[in-house]
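What follows is a single structure, written as C-alpha cells, with notes after it.
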Amino acid sequence: MFLNSKIPAVILAPMEGITDAPFREFISRTGYYDYCVSEFIRVSGTVLSPKMFRKHIPELLHESKTLAGTPVQIQLLGGDPERLAESALNAIEVGAMAIDLNFGCPAPTVNRHDGGATLLQYPDRLEKIIRTVRDRVPSHFPVSAKMRLGFADPEAVYENAKRLEQGGASWITIHGRTKTQGYIPPAYWKPIGKVRASLSIPVVANGEIWTIEDFKKCREETGSIHFMIGRAALAQPTLAKKIREELGIPLCETNGQKFEFTEELNPGVWAEIFKEYAVVQPSEKRIKQWVRYLAQKRNVTWWESVKSLGSTQEILNYLRQFEEST
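Once you know that position 67 of the sequence shown is 67 in the numbering used here, the rest is easy, because the numbers rise by one and skip nothing.
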C-alpha cells in the first residue's frame, strides 16, 4: 500500500500549509503519486487523541485514502518517545495505515520546541524515538522517518541514518540539505546515495527536484528508485507524471475521479484548474499560494494582478478575461 523496496515510487512530500487534505484530495485525482504524506501533526505536551486525528486527517474515514484512492501516511512531529508512540497508536486506532516521524522540519519555532531537524543533533534520541514508536505500533504498520543531512554538519547523515535503521525504521526519506542550509539551492544528493548503499532499508530521495533533468541527476547520484516531490508539485505539476514515465511505472488508479494537468500556462486553462480545486479548497489564499509557486519557476505574467484580488471568484473571472484579451 505504501513503499515497496523493489517497486519505484513517486511520493507527495508533506508541506505545512500546502499539502492539506483538500490539496491531497485534488492532486490525488491525477494518479501521479503513489501515496501522500500528511502535513506534520505536532505532539508536544499531551498525547494526541483519536478525535484530533479525525479532525486533521479526514482520509482516516476512508481507510486512510483520499476519495480517489491514494494512500495517506500520517506524519508526527515531536521529541518525546512515549507521547509519540501513544499518539501513533491512537492514529492507528482510527484508521491510519502507516506512521512517519518528522526529523527534518527546519522551522525555528519547531526546532525551539524540541521537534524536527533539531533532533538530528542527538543520534541516541533519534534511535530511541523510532524504536519506541516501532515497538508500540503493530509490526504490520510501517513506521518511517524523514530527515535532513544534519543540523549543521552534513556528515551527521551517516550515523543518524544508521541509528534510524537500528531503531526499526521501515524506510527513511532524506532531504539533501542540512537544517542550517534551509531551502537554499543546491541540494546535495550524493550523500543520500552513500547512505542508501550502506543500509538494508529503502531510502527515498528528496530536495530540489524541479525538472526532469534534476530527477535524472538525482537518480544517478543516489541510485534510488523512490523519490519525494515537494514544492515542484505546485510549480511543475506535470513533473511527477514525467518521472513516472522515466521510472517505467503507470499512473495510479483514481477511482474514476480523473484529473489531468497540461503543460500550458494559459490563464484560461488555470482558471479551469482552480475552479476544480475550489470544489475541495475554496480559499483564495491557497490558490494565490499555488500561483506564487508557479511564478517562482515559470513565466506567469498574471501573478502580480492575481495576488491583489480578494476572492476565488475574482481570480477565476480575471484569468478568463485575461485569456480573452490576449
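A virtual CB, placed ideally from N, CA and C, is assigned to each residue, including glycine.
Keep in mind the model is a prediction, meaning the values are calculated, not measured.
I'd like to know whether the C-beta atoms of TRP210 and LYS297 end up nearer to each other than 8 Å. Numbered from 1 along the sequence shown, position 210 holds the residue referred to as residue 210. Numbered from 1 along the sequence shown, position 297 holds the residue referred to as residue 297. In this structure, the beta-carbon distance from TRP210 to LYS297 falls below 8 Å.
Pairwise C-alpha distance: VAL204 and ARG196: Taking the sequence shown and counting its residues from 1, the one referred to as residue 196 is at position 196. Taking the sequence shown and counting its residues from 1, the one referred to as residue 204 is at position 204. Whole-angstrom Cα-Cα distance: 9 Å.
Check for me: the beta strand (DSSP E) holding THR222 runs from which residue to which? Position 222 of the sequence shown holds residue 222. Unbroken run through THR222 is the alpha helix (DSSP H), 212-222; no beta strand (DSSP E).
Classify ARG112: buried if its beta carbon has 16 or more other beta carbons within 10 angstroms, exposed otherwise. Taking the sequence shown and counting its residues from 1, one reaches residue 112 at position 112. Exposed: under 16 other Cβ atoms inside 10 Å.
How would you write the range of the beta strand (DSSP E) that TYR35 sits in, first residue to last? Locating residue 35 in the sequence shown gives position 35, where the first residue counts as 1. Taken as a continuous stretch (DSSP letters only), the beta strand (DSSP E) holding TYR35 covers 35-37.
Limits of the beta strand (DSSP E) - the one that LYS241 falls within: In the sequence shown, counting from the first residue as 1, residue 241 sits at position 241. Element bounds for LYS241: not the beta strand (DSSP E) but the alpha helix (DSSP H), 239-247.
Across the segment 86-100 and the segment 109-129, are there enough close Cβ pairs to call them in contact, namely three or more that are closer than 8 Å? The segment 86-100, when compared against the segment 109-129, does not touch it at the 8 Å Cβ threshold.
Is GLY150 closer than 8 Å to THR109 when the C-beta atoms are compared? On the sequence shown, position 109 is the one that residue 109 refers to. On the sequence shown, position 150 is the one that residue 150 refers to. The answer is no: Cβ separation not under 8 Å.
Please name the residue or residues paired with PRO71 in a DSSP beta bridge. The residue you call residue 71 lines up with position 71 of the sequence shown. Bridge partners of PRO71: LYS65.
Since ALA240 contacts TYR35 with CB under 8 Å, what's their CB separation in whole angstroms? Against the sequence shown, residue 240 aligns to sequence position 240. Against the sequence shown, residue 35 aligns to sequence position 35. The pair is not a contact, with the Cβ atoms about 12 Å apart (cut-off 8 Å).
Please state if the CB of HIS226 and the CB of ALA9 are separated by a distance shorter than 8 Å. Locating residue 9 in the sequence shown gives position 9, counting from the first residue. Locating residue 226 in the sequence shown gives position 226, counting from the first residue. Between ALA9 and HIS226, the gap from beta carbon to beta carbon is short of 8 Å.
From THR312 to ASN255, what distance separates their C-alpha atoms? Stepping through the sequence shown from its first residue, residue 312 is reached at position 312. Stepping through the sequence shown from its first residue, residue 255 is reached at position 255. Going by the C-alpha atoms only, they are around 28 Å apart.
Compare the C-alpha of PRO14 against each of LYS6, SER38, PHE261, ARG24 and name the closest. The count along the sequence shown starts at 1 and reaches residue 14 at position 14. Taking the Cα of PRO14 as reference, the smallest distance to any Cα among LYS6, SER38, PHE261, ARG24 is reached at SER38.
Assuming PHE26 is part of the alpha helix (DSSP H), what are its boundary residues? Position 26 of the sequence shown, counted from the start, is the residue given in the question as residue 26. Bounds of the alpha helix (DSSP H) holding PHE26 are 21-28.
Consult DSSP for ILE184 and reduce its assignment to one of helix, strand or coil. In the sequence shown, residue 184 corresponds to position 184, counting from 1. ILE184 falls in the coil class under three-state DSSP.
So, GLU221 versus GLY248, is the Cβ gap smaller than 8 Å? Sequence index remark: in the sequence shown, residue 221 carries index 221 (1-based). Sequence index remark: in the sequence shown, residue 248 carries index 248 (1-based). No, the Cβ-Cβ distance between GLU221 and GLY248 is not below 8 Å.
Does MET52 come out as helix, strand or coil in the three-state DSSP assignment? For this step, residue 52 is matched to residue 52 along the sequence shown. Three-state result, MET52: helix.
Buried or exposed (CB count within 10 angstroms, at least 16 for buried), GLU25: Counted from its first residue, the sequence shown places residue 25 at position 25. It counts as buried.
Do you know offhand how far TYR318's Cα is from THR132's? Here residue 318 refers to the residue found at position 318 when the sequence shown is read from its first residue. Here residue 132 refers to the residue found at position 132 when the sequence shown is read from its first residue. The alpha-carbon atoms of TYR318 and THR132 are separated by roughly 53 Å.
Inter-residue CB distance, LEU60 and ARG54 (contact presumed, cutoff 8 Å): Position 60 of the sequence shown, counting from 1, holds the residue named residue 60. Position 54 of the sequence shown, counting from 1, holds the residue named residue 54. The pair is a contact, with the Cβ atoms about 6 Å apart (cut-off 8 Å).
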